[in-house]
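Reviewing the structure listed below.
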Amino acid sequence: MSAYRPSIVLITMAVLLVAAAAIVRLVVAPNATKLPADTDQTVHYAGETTMLDGKTLRSGDTAHALRSGIPVTADRRVRVTSTHGDTAVIEDTMTVHAGEQSLPSSKTYAIDRTSRKGAPPPASTSAENSRGALSSAFPPDAEQDDSYTYYDATTRSIVPVRYTGTARREGHAVNVYEIKVSAPVKDPAVLKPLPTALPKKLVASLVPALDSRTRARLTPTVLAGLPDPVPLTYLGQSTLVAYVDQQTGIAVDQTVSRRTVATAAVDGAAVPLLPVSVLTLEVTPESVRDLGDKATSAGRILTALTVLAPLAMVAVAALLLLAAFLLARRRRHRSRVQG
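To convert a position in the sequence shown, counted from 1, into our numbering, add 75.
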């Protein structure tokens with residue numbers, strides 16, 4: 076009986092190694108792709124903005140009411156404030172710096188730590204209603220299709236995410252996704268500083284600068300029929316392009332274009348009058364390099380857990396089985412010789 080013991084031990088060890096490889100690949104590796112509880116990342120942007128000078132507009136000087144080409148920088152900080160099982164509560168804060176002004180905007184989301192899609196928030200937690208949609212991050216190994224949706228906090232709408240192909244950023248293969256938004260502004264923080272109405276005379280003075288299609292709709296007769304002051308609503312338009320690392324889901328690069336347009340209701344339809352803010356941003360080269368480095372580090376860990384460690388365990392298990400086979404064959408050979 077003792078003659079078989081070494082082979083049994085080797086086979087047992089091989090089986091245990093294969094089981095361990097399966098656990099690492101199927102349990103440990105997926106857990107490693109979950110959004111970490113200590114996530115705290117800041118990305119820096121640079122660009123320019125166009126801003127409405129309300130005082131100049133009210134004075135009737137519509138030609139100089141918009142200040143364009145103002146250089147801006149922005150810092151976006153995304154951090155996990157708490158985790159509840161597979162749900163993470165994150166705070167997503169974008170602060171735009173224009174001259175001496177700093178304009179912060181902070182939103183709270185509850186997201187699934189694996190899919191990164193909006194999830195029901197924990198009890199007593201107030202969060203944006205982004206259920207089922209992406210908001211602040213893409214998942215690792217993101218799908219190369221149009222299956223995702225995106226939650227836009229300014230308009231509180233969920234829109235499609237369009238997959239446009241692949242590219243390379245900082246040596247990484249990335250998926251390119253485009254997000255377009257065009258919907259009424261619903262965020263109270265965005266609406267609060269904007270005028271709710273304009274004098275009819277001021278609206279009439281804007282007409283000559285509008286495009287031909289809008290001018291055709293705002294005829295003198297139509298203008299005469301509008302209330303005074305003219306109530307305003309606002310349209311939020313955004314285009315975001317994200318370059319997402321295929322393995323880790325980290326957005327290595329991104330461009331952002333946002334536009335808020337004042338509109339007036341004419342025959343039940345919103346007619347654009349003038350943009351009250353335009354913001355274009357790109358991730359700074361320094362942040363792109365930093366994000367590329369993070370994608371590299373995270374990718375190495377994922378590769379080790381999903382490929383290298385399981386493969387090494389299976390290889391050692393195969394060697395143990397081979398050793399057990401050779402021992403068994405040697406025993407049979409000795410038995411025949413002794414027989």
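Glycine included, C-beta positions come from ideal geometry on N, C-alpha and C.
Rounded to the nearest angstrom, how far is the Cβ of residue i from that of residue j, given a contact under 8 Å?
| i | j | result |
| --- | --- | --- |
| Tyr225 | Val236 | 5 Å |
| Ala217 | Lys192 | Not really, about 11 Å apart at Cβ, beyond 8 Å. |
| Gly311 | Thr229 | 4 Å |
| Glu166 | Thr183 | 6 Å |
| His69 | Pro197 | The question about residue 69 has no answer here: the residues shown for the chain are numbered 76 through 414. |
| Thr308 | His119 | Contact doesn't hold; Cβ gap of about 33 Å is too wide. |
| Val84 | Gln116 | Not quite, the Cβ-Cβ distance comes to about 48 Å (not below 8 Å), so this is no contact. |
| Val331 | Val251 | The pair is not a contact, with the Cβ atoms about 14 Å apart (cut-off 8 Å). |
| Thr314 | Lys255 | 5 Å |
Find the nearest neighbour of residue i within the set the options, judged by alpha-carbon distance.
| i | options | result |
| --- | --- | --- |
| Ala434 | Leu386, Thr117 and Arg206 | Given that the chain is displayed from residue 76 to residue 414, the structure contains no residue 434 and the question cannot be resolved. |
| Thr352 | Thr124, Val90, Ile83 and Val84 | According to the sequence shown, residue 352 is Ser rather than Thr. Ranking the options by Cα distance to Ser352, first place goes to Thr124. |
| Ala212 | Val297, Gln329, Ala339 and Leu141 | Gln329 |
| Tyr318 | Gly246, Glu175 and Ala403 | Gly246 |
| Arg288 | Pro347, Ala112 and Ala163 | Pro347 |
| Ala299 | Ala112, Ala370 and Ala279 | Ala279 |
| Ser157 | Asp113, Asp221 and Thr335 | Asp113 |
| Thr371 | Leu354, Leu386, Ala326 and Val331 | Ala326 |
| Arg364 | Val331, Arg243 and Ala344 | Arg243 |
| Ser222 | Gly343, Ser232 and Tyr238 | Tyr238 |
| Ala194 | Gln219, Ser181, Lys261 and Ala163 | Ala163 |
| Arg100 | Thr378, Ala390 and Val297 | Thr378 |
| Ser232 | Asp220, Ser210, Gln219 and Glu253 | Ser210 |
| Val155 | Leu380, Ala264, Pro111 and Val297 | Pro111 |
| Asp150 | Ser177, Met126 and Leu141 | Ser177 |
Consult DSSP for residue i and reduce its assignment to one of helix, strand or coil.
| i | result |
| --- | --- |
| Ser143 | strand |
| Ile98 | helix |
| Leu396 | helix |
| Val319 | strand |
| Val331 | strand |
| Asp368 | helix |
| Asn204 | coil |
| Glu175 | coil |
| Glu218 | coil |
| Ile83 | helix |
| Val90 | helix |
| Ala78 | Per-residue confidence for Ala78 stands at a pLDDT of 48, beneath the threshold of 50, marking its modelled position as unreliable; the derived number appears in the next sentence. If DSSP states are grouped into helix, strand and coil, Ala78 belongs with the helices. |
| Val260 | coil |
What does a CB cutoff of less than 7 Å around residue i pick up in its chain, not counting 5 residues either side in sequence?
| i | result |
| --- | --- |
| Ala248 | Thr241 and Gln321 |
| Ser82 | Ala399, Leu402 and Ala403 |
| Ala78 | Because the pLDDT at Ala78 is just 48, under 50, the model does not fix this residue reliably, and the point stays unresolved. |
| Gly144 | Glu123 |
| Arg292 | Val341 and Val346 |
Here's a check: name, in chain order, each residue in its chain whose Cβ is nearer than 8 Å to the Cβ of residue i, leaving out the five neighbours to either side.
| i | result |
| --- | --- |
| Pro274 | Asp303, Pro304 and Val305 |
| Leu366 | Val118, Glu245, Ile325, Ala326, Val327, Asp328 and Val358 |
Tell me which same chain residues have a C-beta within less than 6 Å of the C-beta of residue i, skipping the five on either side of it?
| i | result |
| --- | --- |
| Lys130 | none |
| Gly374 | Gln322 and Thr323 |
| Ala392 | Ala89, Leu92 and Val93 |
| Ser180 | Met169 |
*Taking three-plus beta-carbon pairs below 8 Å as touching, is the stretch 83 to 100 in contact with the stretch 387 to 398?*
yes
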